[in-house]
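What follows is a short report on a single structure.
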Amino acid sequence: MGFFQIFLIGVGLSMDAFAISLCQGLIMGKVKIGKTAKIAFTFGIFQAIMPILGYYVGSIFSGKVSQYSNIIAFIILGYLGFNMIREARKEDDCCTDEGCSSKALLALGIATSIDALAIGFTFSFLKNFNIFVSSIEIGIITFIISAVGVVLGTKFGTLLESKAQYLGGIILILIGIKSLAGNFA
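Here the numbering used here runs 10 ahead of the position in the sequence shown, where the first position is 1.
Below, the structure written as structure tokens:
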């Protein structure tokens with residue numbers, strides 16, 4: 011898997027964090043560098059750690075299911091993509107009057123990176139795959155997208171929130187379809 015595919019996966023995975031970052035920017039009203047960095051760092055670090063955890067858990071099972079790896083990747087990515095689109099359709103308002111506390115932000119970091127854990131699991135089926143470089147790339151992408159989300163949220167967050175989740179879901183589904191197509195090539 012190349013840099014561009016990891017980049018697209020990183021973009022897809024970061025859309026939940028982007029939507030929450032938009033809400034936090036909306037709450038802040040104006041850009042606050044410290045709070046923006048805290049939000050972006052929290053999402054970025056969890057998105058970088060979870061694929062590594064998933065990779066090592068998946069490595070335990072990869073020998074037993076490696077012949078089905080493309081199908082498993084398709085199922086996981088498709089599920090995550092459809093779930094992200096379904097979540098975007100909900101009318102939930104992630105914004106509160108006081109914003110996120112540090113404890114709530116940590117919980118959101120974990121919640122938004124569960125899909126990264128599943129992606130790490132699928133990475134374990136790939137041969138000669140450098141999980142650390144890929145995870146750092148995903149973390150940096152999420153950091154940047156989350157920071158941009160906060161800034162955009164201060165300007166017009168409610169317009170972009172669900173569209174970002176739709177985009178993320180579509181990207182994950184398309185990568186899953188590509189993985190499945192590789193099974194028949």
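C-beta: ideal position from N, C-alpha, C; glycine also.
Query: Beta carbon of Gly159 nearer than 7 Å to that of Phe56; Result: no
Query: Coil, strand or helix - Lys74 by DSSP; Result: helix
Query: Reduced DSSP secondary structure (H/G/I, E/B, other) of Asn140; Result: coil
Query: Residues near Ile85 by beta carbon distance below 8 Å, same chain, minus five either side; Result: Gly186
Query: Any 3 or more C-beta pairs closer than 8 Å across the region 40-54 and the region 138-152; Result: yes
Query: Buried versus exposed call for Gln34 [16 or more other C-beta atoms within 10 Å across all chains shown]; Result: buried
Query: Alpha helix (DSSP H) segment containing Val21, residue limits; Result: 13-23
Query: Per-residue burial, Gly64 [other beta carbons within 10 Å of its own, 16 or more giving buried]; Result: buried
Query: Within-7 Å CB hit, Ser31 to chain B; Result: Here chain B cannot be found, since the structure has a single protein chain.
Query: For Ser134, three-class secondary structure by DSSP; Result: coil
Query: Opening and closing residue of the alpha helix (DSSP H) in which Gly119 lies; Result: 112-122
Query: Cβ-Cβ distance between Thr132 and Ala83 below 7 Å; Result: yes
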